[in-house]
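Visitor: Convert by adding 710 to the 1-based position in the sequence shown; the result is the number in this note's numbering. For every residue, glycine included, the Cβ atom is placed at its ideal position computed from N, Cα and C. Below is one structure. I have some questions about it.
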Amino acid sequence: MKYLLTSSVTLFLAAPLLTEDTALAQAGHALRPGIEAAAHSLNLSLLQSSVVGRGPVADGARLQLAALERQARLDD
């Protein structure tokens, strides 16, 4: 009987934590598209800034930017 009471109390105390974890997970999933869009915009901005220069960084940025533009055209 003591074990049953202890496990019931533990479950009762843990239930709000489980609900909070679920809510946090759902909020994280809801925020993910916005975070991905912001990261994509930042990456695009950095690539556009790098394209202006010369050298291997600018060349790599041009290639990445061209690939992103091709992918965007295919997605449309």
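#1: Determine, using beta-carbon pairs with one atom in the segment 769-781 and one in the segment 747-761, whether at least three such pairs fall under 8 Å.
#2: Give the straight-line distance between the Cα atoms of L778 and A737, rounded to the nearest whole angstrom.
#3: Rounding to the nearest angstrom, what Cα-Cα distance links L754 and L741 in this structure?
#4: Pick helix, strand or coil for K712, following the three-state DSSP scheme.
#5: What is the DSSP secondary structure of V767, reduced to helix, strand or coil?
Guide: According to the structure shown:
#1: Cβ pair count under 8 Å is three or more, so yes.
#2: Cα atoms of L778 and A737: separation of roughly 29 Å, rounded to the nearest angstrom.
#3: Cα to Cα, L754 sits roughly 20 Å from L741.
#4: Here the model assigns K712 a pLDDT of 46, short of 50, so the residue's position is not dependable, and the following value carries that caveat. Three-state result, K712: helix.
#5: Look at V767 here: in three-state DSSP terms it is helix.
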